[in-house]
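Residue numbers for the sequence shown, in the numbering used here: 74 to 135.
Here's the structure we're looking at; comments come further down.
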Amino acid sequence: MDITNRVVTLDALHTLRSTANYLVEKPKAHYLLTVKGNQPTLKADLNNLTHVTHSASTSQPA
């Protein structure tokens with residue numbers, strides 16, 4: 074399955090640096106990973122990020 078430029082969603086079991094690195098290096102995919110309380114440092118780091126709002130777009134690239 075070709076996942077180049079696709080968004081891949083993964084549950085907390087797969088929230089690993091090695092998984093994220095693979096997705097962006099080999100197939101050049103985008104990802105959404107779930108973070109739960111069993112990774113307190115990562116969860117705290119994410120909570121401390123500055124949130125930026127982006128407009129949703131439904132247009133497809135040409």
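Beta carbons are placed, not taken as given, at the ideal position from N, Cα and C, and that holds for glycine.
Everything numeric in this text was worked out from a predicted model, so none of it was measured.
Closest residue to N78 among E98, H87, H103 (Cα-Cα distance): By 1-based counting over the sequence shown, the position of residue 78 is 5. Nearest of E98, H87, H103 to N78, Cα basis: H103.
Per DSSP, the bridge partner or partners of L83: Residue 83 sits at position 10 when you count from the first residue of the sequence shown. BP columns for L83 point to L106.
Span of the alpha helix (DSSP H) around V125: Residue mapping note: residue 125 aligns to position 52 of the sequence shown, counting from 1. Unbroken run through V125: none, as it is neither H nor E.
Same chain, Cβ closer than 6 angstroms to L83, neighbours up to 5 away in sequence not counted: Here residue 83 refers to the residue found at position 10 of the sequence shown. Hits under 6 angstroms: L106.
Extent of the continuous alpha helix (DSSP H) run through L89: If you number the sequence shown from 1, residue 89 lands on position 16. No alpha helix (DSSP H) holds L89; DSSP gives it neither H nor E.
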